[in-house]
Amino acid sequence: MGFNVNEKGYYGEFGGAFIPEMLYPNVEELRKNYLDIMSQEDFKKEFQQLLKDYVGRPSPLYFAKRLSEKYNTKVYLKREDLNHTGAHKVNNTIGQILMAKRLGKNRIIAETGAGQHGVATATVCALMGIECIVYMGEIDIARQAPNVARMKMLGAKVIPATSGSKTLKDATNEAIRDWINNPVETHYIIGSVVGPHPYPDMVARFQSVISEEMKWQLMEQEGTENPNHVIACVGGGSNAAGAFYHYLDNENVNLIAVEAAGKGIDTGESAATSVLGHEGIIHGSRTLLMQTDDGQITEPYSISAGLDYPGVGPLHAHLYKSGRAEFHSITDDEAMSAGMILSKLEGIIPAIETAHALAVLEKREFQENEIVVVNLSGRGDKDLNTYINYFKL
Ligand SMILES: *Cc1c(COP(=O)(O)O)cnc(C)c1O
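Residue numbers for the sequence shown, in this note's numbering: 75 to 467.
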């Protein structure tokens with residue numbers, strides 16, 4: 075069984091491009107050109123140079139000694155939290171801004187929920203001197219004031235989405251509407267391995283630098299390219315896709331995907347899409363998503379804003395359905411506790427999204443001689459208020 079996208083844009087039965095006809099030319103232009111552009115030498119050179127000098131890559135693969143002692147296994151942390159802007163998202167936005175330039179686009183649009191992808195997009199637009207418009211739900215704008223301020227400082231225009239639940243899904247609808255109205259000059263930077271083909275594949279390729287580095291870093295430190303397990307949290311699925319990418323076809327490497335159980339998967343307040351979801355179409359792609367019996371998308375919940383997406387990328391739906399990856403759901407409480415453990419034992423305060431991945435170390439046994447890599451997707455600065463309120467610090 076293959077785990078990469080096929081020619082039609084499918085991972086098994088998931089993926090595809092279910093889009094309104096008026097969006098077809100935009101998506102088709104990208105589909106026809108993305109692989110070609112990514113394989114050009116000058117593109118690769120510029121991408122790698124920016125990842126090195128601007129993002130700060132390679133990100134270290136850090137052997138976490140005290141965490142390893144606690145869990146009686148060999149734990150390595152892939153330090154995406156040390157990237158410029160504090161998470162893995164910038165790997166993708168750098169790639170897409172270079173793609174947009176090659177396609178001759180001079181205007182960027184993006185959607186954002188918690189604001190992290192909006193900030194990563196505004197950052198690369200500032201870097202390139204390109205106009206940037208970010209759609210964001212009105213409620214999210216109120217909840218995420220620091221990220222709105224960051225985007226403004228970076229020169230982006232933040233437009234409130236005032237329809238529906240006034241959150242991420244409505245912001246996405248506004249962004250799509252904008253793209254339909256501005257097909258020639260505008261590129262839409264999607265923030266995860268979601269959306270119509272070719273987005274999931276393109277974003278996974280940009281993020282695949284994570285596992286590419288892991289291979290030679292493990293070779294240096296352990297004398298093998300392959301860990302026994304790779305653990306990553308899953309919102310839309312981009313940091314996990316990057317951490318899994320070069321191991322997808324190597325079944326000796328166990329892939330562990332971690333979703334947010336929120337208050338518990340049976341409480342109606344969670345974002346454990348794979349376990350609770352059913353097949354359906356969201357944002358142009360056939361995948362697993364949380365929906366009512368009559369197909370209404372249900373509002374997800376997680377204490378971490380980056381994980382409360384009602385769907386999951388088609389690659390992950392396929393990894394779940396095929397059994398290639400092991401899926402876990404972690405509650406708010408379990409994640410918060412894991413975030414505290416990492417802070418105390420290693421001096422690293424993780425993003426709450428990332429803390430979900432770390433919580434698996436507490437829940438599941440690993441052998442003493444096994445190599446376990448946790449993808450540390452982001453740092454916890456942005457979550458300090460949530461930590462303060464939760465732990466009454
Ligand atoms: C956005 C975000 C996530 C979730 O997005 P994915 O596409 O699933 O990676 C996870 N961790 C951090 C730190 C994030 O900012």
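Just so you know, even glycine gets a beta-carbon here, dropped at the ideal spot from N, CA and C.
Predicted model only: the values in this text are computed from it and were never measured.
Spatial neighbours of residue i within its chain, please: C-beta separation below 7 angstroms, excluding the five flanking residues on both sides.
| i | result |
| --- | --- |
| Glu259 | Lys179, Asn180 and Arg181 |
| Phe117 | Ile111, Leu172 and Arg176 |
| Glu427 | Cys307, Gly309, Ser378, Gly380, Leu381, Ser451 and Gly452 |
Using the Cβ count rule (16 or more neighbours within 10 Å means buried), how would you classify residue i?
| i | result |
| --- | --- |
| Gly169 | buried |
| Leu104 | buried |
| Gln114 | exposed |
| Gly369 | exposed |
| Asp455 | exposed |
| Lys163 | buried |
| Lys418 | exposed |
| Gly192 | buried |
| Pro94 | exposed |
| Phe92 | exposed |
| Asp457 | buried |
| Phe318 | buried |
| Lys106 | exposed |
According to DSSP, residue i sits in a beta bridge with which residue or residues?
| i | result |
| --- | --- |
| Leu322 | Bridge partners of Leu322: none, in fact. |
| Met210 | Thr186 and Pro234 |
| Phe137 | Tyr150 |
| Phe88 | Tyr85 |
| Pro220 | According to DSSP, which records beta bridges pairwise, Pro220 is partnered with nothing at all. |
| Thr428 | Its beta-bridge partners do not exist; DSSP assigns none. |
| His352 | Leu363 |
| Tyr262 | Ile183 |
| Glu205 | Arg181 |
Closer than 6 angstroms by C-beta to residue i: which residues in its own chain qualify, once you throw out the five before and the five after it? Chain order, please.
| i | result |
| --- | --- |
| Ala138 | Val149, Leu151 and Glu420 |
| Glu287 | Pro132 |
| Leu97 | Ile254 |
| Glu444 | Thr147 and Asn302 |
Assign residue i to one of three DSSP states: helix, strand, or coil.
| i | result |
| --- | --- |
| Arg453 | strand |
| Asp400 | Reading off the sequence, residue 400 comes out as Glu, not Asp. Here Glu400 sits in strand by DSSP. |
| Thr167 | helix |
| Glu103 | helix |
| Ile339 | coil |
| Thr365 | Note on identity: in this sequence residue 365 is Gln, with Thr being the wrong assignment. Gln365: strand per DSSP, three-state reduction. |
| Gly269 | coil |
| Thr197 | helix |
| Ala345 | strand |
| Val448 | strand |
| Thr246 | helix |
The beta strand (DSSP E) spanning residue i covers which residue range?
| i | result |
| --- | --- |
| Tyr375 | Counting along the chain, Tyr375 falls outside any beta strand (DSSP E), and DSSP gives it neither H nor E. |
| Glu333 | Asn328 to Gly336 |
| Val304 | His303 to Cys307 |
What residue range is occupied by the uninterrupted alpha helix (DSSP H) comprising residue i?
| i | result |
| --- | --- |
| Tyr273 | Tyr273 to Gln281 |
| Thr460 | Leu458 to Phe465 |
Below 8 angstroms CB to CB, which residues in the same chain sit around residue i once its five sequence neighbours on both sides are set aside?
| i | result |
| --- | --- |
| Ile233 | Ile207, Val208, Tyr209, Met210 and Glu248 |
Confirm the yes/no value for this check: CB of residue i, any heavy atom of ligand 2, distance under 7 angstroms.
| i | result |
| --- | --- |
| Ser403 | This structure lacks ligand 2; its bound ligands are ligand 1. |
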